[in-house]
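Protein sequence lines, in the order shown, are assigned to chains D and H.
So for the first sequence, my numbering puts the first residue at 465; every next one is plus one.
So for the second sequence, my numbering puts the first residue at 465; every next one is plus one.
Each residue gets a CB set at the ideal place from its N, CA and C atoms; glycine is no exception.
Everything below concerns the one structure shown next.
Protein chains: 2
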Amino acid sequence: MYIPTYQDVVDAHARIAPYVHRTPVLTSSYLNELTGAELFFKCENFQKAAAFKVRGASNAVFGLSDEKAAHGVATHSSGNHALSLAYAAGRRGIPCHVVMPRTAPQAKKDAVIGYGGVITECEPSTSSREEVFAKVEAETGADFVHPYNDPRVIAGQGTCSRELVEQVEALDAVVAPIGGGGMISGTCLSLSNIAPEIKIYAAEPEQADDAARSFRAGHIIADDAPETVADGLKVPLKELTWHFVSTHVTDILTASEQEIIDAMRLTWARMKIVMEPSSAVPLATILKNPEVFAGKRVGIIVTGGNVDLDRLPWMNS
Amino acid sequence: MYIPTYQDVVDAHARIAPYVHRTPVLTSSYLNELTGAELFFKCENFQKAAAFKVRGASNAVFGLSDEKAAHGVATHSSGNHALSLAYAAGRRGIPCHVVMPRTAPQAKKDAVIGYGGVITECEPSTSSREEVFAKVEAETGADFVHPYNDPRVIAGQGTCSRELVEQVEALDAVVAPIGGGGMISGTCLSLSNIAPEIKIYAAEPEQADDAARSFRAGHIIADDAPETVADGLKVPLKELTWHFVSTHVTDILTASEQEIIDAMRLTWARMKIVMEPSSAVPLATILKNPEVFAGKRVGIIVTGGNVDLDRLPWMNS
Chain D
465 MYIPTYQDVV DAHARIAPYV HRTPVLTSSY LNELTGAELF FKCENFQKAA AFKVRGASNA
525 VFGLSDEKAA HGVATHSSGN HALSLAYAAG RRGIPCHVVM PRTAPQAKKD AVIGYGGVIT
585 ECEPSTSSRE EVFAKVEAET GADFVHPYND PRVIAGQGTC SRELVEQVEA LDAVVAPIGG
645 GGMISGTCLS LSNIAPEIKI YAAEPEQADD AARSFRAGHI IADDAPETVA DGLKVPLKEL
705 TWHFVSTHVT DILTASEQEI IDAMRLTWAR MKIVMEPSSA VPLATILKNP EVFAGKRVGI
765 IVTGGNVDLD RLPWMNS
Chain H
465 MYIPTYQDVV DAHARIAPYV HRTPVLTSSY LNELTGAELF FKCENFQKAA AFKVRGASNA
525 VFGLSDEKAA HGVATHSSGN HALSLAYAAG RRGIPCHVVM PRTAPQAKKD AVIGYGGVIT
585 ECEPSTSSRE EVFAKVEAET GADFVHPYND PRVIAGQGTC SRELVEQVEA LDAVVAPIGG
645 GGMISGTCLS LSNIAPEIKI YAAEPEQADD AARSFRAGHI IADDAPETVA DGLKVPLKEL
705 TWHFVSTHVT DILTASEQEI IDAMRLTWAR MKIVMEPSSA VPLATILKNP EVFAGKRVGI
765 IVTGGNVDLD RLPWMNS
């Protein structure tokens with residue numbers, strides 16, 4: 465498989481600029497005091513479609529030839545990639561077919577439909593998802609844009625940390641959530657080229673810690689259908705993301721469900737921003753491992769803001 | 465009573481700069497499309513103490529002589545002024561005494577205590593509040609910083625719209641919530657001096673519409689203890705704020721409880737920011753009166769973000 469280069473990130477940035485926001489970076493003196501670190505939150509919850517995934521999706525959609533684009537795009541996704549691809553396809557005016565677990569949050573399904581995407585439901589497991597998807601792909605002839613194991617997607621996600629280092633000087637570390645590894649891979653791709661001194665940490669739910677176990681074992685370990693409140697982080701690493709994770713990541717840290725929910729609530733209460741559970745995993749791991757980050761300037765990728773406002777996780781616990 | 469001048473706003477801005485944020489202005493293409501206007505949200509929910517009131521409170525606290533400051537400051541408030549004054553007093557290292565309705569949100573009480581303020585509770589009515597406060601003032605000798613009927617406070621609030629017109633060109637209108645009228649008065653003070661072409665609209669809950677009725681009647685009408693989800697807007701106009709409202713405001717628009725809650729939820733869902741119910745009243749009135757704002761560039765003051773995350777209003781309705 466083609467391994468994207470930093471030039472692909474630069475090209476992606478130019479290609480997607482008309483369709484995505486350069487998101488702001490926010491700080492919180494309260495959270496700085498609490499963690500003993502200087503935290504810089506890159507707010508992709510304010511991104512188009514409220515998710516960083518619109519970067520990679522837009523890069524894939526707008527990189528297609530007119531001929532290929534005419535058949536549309538297709539994907540399977542636990543949520544944000546789906547609505548991001550639907551958004552990008554809508555901007556280009558081409559069809560978007562999405563296979564989604566029937567258990568995905570209603571807010572995400574509604575958003576996909578709102579952007580003009582067509583949903584086919586599957587069971588909430590990686591195996592069912594791939595099976596249903598193969599059918600949809602065969603029927604439509606659409607271009608498959610994998611949520612993360614795709615060089616176009618990884619190059620697109622790399623534009624996020626490229627902006628972050630332009631916005632914040634002298635970062636010591638960047639922490640991003642890890643599910644399939646698309647954002648982390650894009651981060652590795654950009655930072656290893658333009659700021660190799662910055663350490664890259666991945667943050668993962670304990671209950672879906674396949675990436676952390678893969679990292680320690682030295683090869684991909686994939687679980688089928690793990691369960692976590694951080695619903696964006698249930699999918700396993702694949703060949704291309706494993707390449708970046710195994711080459712450039714300093715460590716993968718994990719947090720419990722309660723720690724993730726507490727960090728999410730803390731961010732809402734103190735920073736007054738709406739972020740989804742997956743986005744709270746970095747702060748949860750920083751609060752859990754203060755010695756790793758004390759005195760450091762730490763960038764945090766707030767990956768998205770798509771959350772069901774009628775079912776907030778601290779109200780169930 | 466002394467009527468503050470624009471020079472007082474300029475002086476306040478310099479005085480409070482070390483203690484408050486220059487807050488960002490956010491936009492939403494979705495809400496622009498929905499309203500037919502171009503909306504610019506001045507995000508005082510990201511302000512210190514998560515409320516614009518820290519501007520006026522800081523101006524009062526840091527304008528005191530050392531001798532006066534030694535006795536501390538005191539106030540009565542339904543919430544945000546209380547915690548803003550406690551924050552400012554804490555930054556100066558002087559005592560802060562607060563009379564608060566026992567029904568005020570626990571989150572606001574906790575925040576006052578967190579900043580080092582001392583709370584004395586009263587009943588949730590203007591009359592009880594004033595009675596209990598007189599006692600506290602007599603016992604402590606603290607300087608009374610009224611939540612809005614105070615020239616220092618109004619000059620401080622005026623710094624918000626001064627920033628807004630620096631941040632956004634060619635506004636046609638500004639809409640801010642109205643309770644006692646402190647923010648609206650500060651807005652009138654600044655805009656009538658630096659951008660008199662900008663129309664000023666006040667937005668008020670139907671269930672606490674004393675300012676709208678005052679505006680139509682041509683004199684102050686005060687209700688005792690109105691009930692609304694927009695808990696920051698229950699207090700009546702006073703002499704000084706009536707001066708500004710009656711002189712410079714174009715109109716006062718109202719919205720129902722459900723319209724306020726819907727606008728609040730819409731902002732959370734689409735803009736991914738946490739704002740309190742009072743802050744949603746401007747958008748609610750814009751959605752209700754599209755013909756007033758269609759095609760216009762409209763600034764909206766998002767007054768604060770202090771909300772009880774365990775009791776969101778759309779979950780009770």
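Go through its chain and collect everything with a Cβ distance to residue i's Cβ below 6 Å, but skip five positions before and after it.
{"i": "residue 650(D)", "result": "618, 621, 622"}
{"i": "residue 702(H)", "result": "613"}
{"i": "residue 556(H)", "result": "525"}
{"i": "residue 533(D)", "result": "558"}
{"i": "residue 540(H)", "result": "563, 593, 597"}
{"i": "residue 476(D)", "result": "523, 619, 620, 623"}
{"i": "residue 472(D)", "result": "619"}
{"i": "residue 582(H)", "result": "561"}
{"i": "residue 670(D)", "result": "718, 720"}
{"i": "residue 615(D)", "result": "466, 468"}
Note down the Cα distance separating residue i from residue j, rounded to an integer number of angstroms.
{"i": "residue 483(D)", "j": "residue 610(D)", "result": "20 Å"}
{"i": "residue 569(D)", "j": "residue 694(D)", "result": "11 Å"}
{"i": "residue 498(D)", "j": "residue 551(H)", "result": "18 Å"}
{"i": "residue 528(H)", "j": "residue 631(D)", "result": "38 Å"}
{"i": "residue 685(H)", "j": "residue 708(H)", "result": "15 Å"}
{"i": "residue 678(D)", "j": "residue 648(D)", "result": "14 Å"}
{"i": "residue 585(D)", "j": "residue 654(D)", "result": "35 Å"}
{"i": "residue 664(H)", "j": "residue 501(H)", "result": "15 Å"}
{"i": "residue 481(D)", "j": "residue 522(D)", "result": "9 Å"}
{"i": "residue 608(D)", "j": "residue 601(D)", "result": "7 Å"}
{"i": "residue 719(H)", "j": "residue 676(H)", "result": "11 Å"}
{"i": "residue 773(H)", "j": "residue 729(D)", "result": "8 Å"}
{"i": "residue 580(H)", "j": "residue 595(H)", "result": "23 Å"}
{"i": "residue 734(H)", "j": "residue 599(H)", "result": "46 Å"}
{"i": "residue 706(H)", "j": "residue 682(H)", "result": "10 Å"}
{"i": "residue 465(H)", "j": "residue 517(H)", "result": "21 Å"}
{"i": "residue 577(H)", "j": "residue 571(H)", "result": "10 Å"}
{"i": "residue 470(H)", "j": "residue 511(D)", "result": "38 Å"}
{"i": "residue 587(H)", "j": "residue 567(H)", "result": "8 Å"}
{"i": "residue 731(H)", "j": "residue 710(H)", "result": "30 Å"}
{"i": "residue 768(D)", "j": "residue 635(D)", "result": "22 Å"}
Which residue comes first and which comes last in the beta strand (DSSP E) that contains residue i?
{"i": "residue 633(D)", "result": "Looking at the DSSP string, residue 633(D) is not in any beta strand (DSSP E), and its letter there is neither H nor E."}
{"i": "residue 438(D)", "result": "For chain D, the structure presents residues 465 to 781; residue 438(D) sits outside this window and is missing."}
{"i": "residue 762(H)", "result": "761-766"}
Identify the continuous alpha helix (DSSP H) that holds residue i and give its terminal residues.
{"i": "residue 538(D)", "result": "No alpha helix (DSSP H) contains residue 538(D), which is instead part of the beta strand (DSSP E) from 537-540."}
{"i": "residue 778(D)", "result": "Note, residue 778(D): premise wrong, no alpha helix (DSSP H); not H, not E."}
{"i": "residue 466(D)", "result": "It is not in any alpha helix (DSSP H) - residue 466(D) carries neither H nor E in the DSSP assignment."}
{"i": "residue 774(H)", "result": "Careful: residue 774(H) lies outside any alpha helix (DSSP H) and carries neither H nor E."}
{"i": "residue 694(H)", "result": "No alpha helix (DSSP H) contains residue 694(H), which DSSP labels as neither H nor E."}
{"i": "residue 521(D)", "result": "517-527"}
{"i": "residue 496(D)", "result": "493-499"}
{"i": "residue 688(H)", "result": "Taken as a continuous stretch (DSSP letters only), residue 688(H) belongs to no alpha helix (DSSP H), as it is neither H nor E."}
{"i": "residue 533(D)", "result": "530-533"}
{"i": "residue 710(D)", "result": "703-712"}
{"i": "residue 700(D)", "result": "First-last for residue 700(D): undefined, no H or E at that position."}
Assuming residue i contacts residue j (C-beta within less than 8 Å), just tell me the rounded distance between them.
{"i": "residue 488(D)", "j": "residue 641(D)", "result": "Contact doesn't hold; Cβ gap of about 19 Å is too wide."}
{"i": "residue 662(H)", "j": "residue 637(H)", "result": "6 Å"}
{"i": "residue 736(H)", "j": "residue 738(D)", "result": "4 Å"}
{"i": "residue 508(D)", "j": "residue 766(D)", "result": "6 Å"}
{"i": "residue 535(H)", "j": "residue 605(H)", "result": "5 Å"}
{"i": "residue 770(H)", "j": "residue 478(H)", "result": "Incorrect: roughly 27 Å between the Cβ atoms, too far for contact."}
{"i": "residue 561(D)", "j": "residue 538(D)", "result": "4 Å"}
{"i": "residue 589(D)", "j": "residue 672(D)", "result": "At roughly 13 Å, the Cβ-Cβ gap does not stay under 8 Å, so residue 589(D) and residue 672(D) are not in contact."}
{"i": "residue 764(H)", "j": "residue 639(H)", "result": "5 Å"}
{"i": "residue 700(D)", "j": "residue 644(D)", "result": "7 Å"}
Closer than 8 Å by C-beta to residue i: which residues in its own chain qualify, once you throw out the five before and the five after it? Chain order, please.
{"i": "residue 725(H)", "result": "693, 741, 744, 777, 778, 781"}
{"i": "residue 753(H)", "result": "717"}
{"i": "residue 496(D)", "result": "502, 503"}
{"i": "residue 759(D)", "result": "500, 501"}
Once you ignore the five residues that flank residue i on each side, which residues in its own chain have a CB closer than 7 Å to its CB?
{"i": "residue 627(H)", "result": "486"}
- Query: Whole beta strand (DSSP E) runs in the region 655-685 of chain H with 3 or more residues, listed along the chain?
  - Reply: 663-669
- Give, in chain order, every unbroken run of the beta strand (DSSP E) that is at least 3 residues long and sits entirely within the region 714-748 of chain H. 715-719
- Would you list, in sequence order, the uninterrupted beta strand (DSSP E) runs of no fewer than 3 residues that lie entirely inside the region 549-587 of chain D? 560-565, 582-586
- Which runs of the alpha helix (DSSP H) spanning at least 4 residues fall entirely within the region 591-653 of chain D, listed in chain order? 615-631
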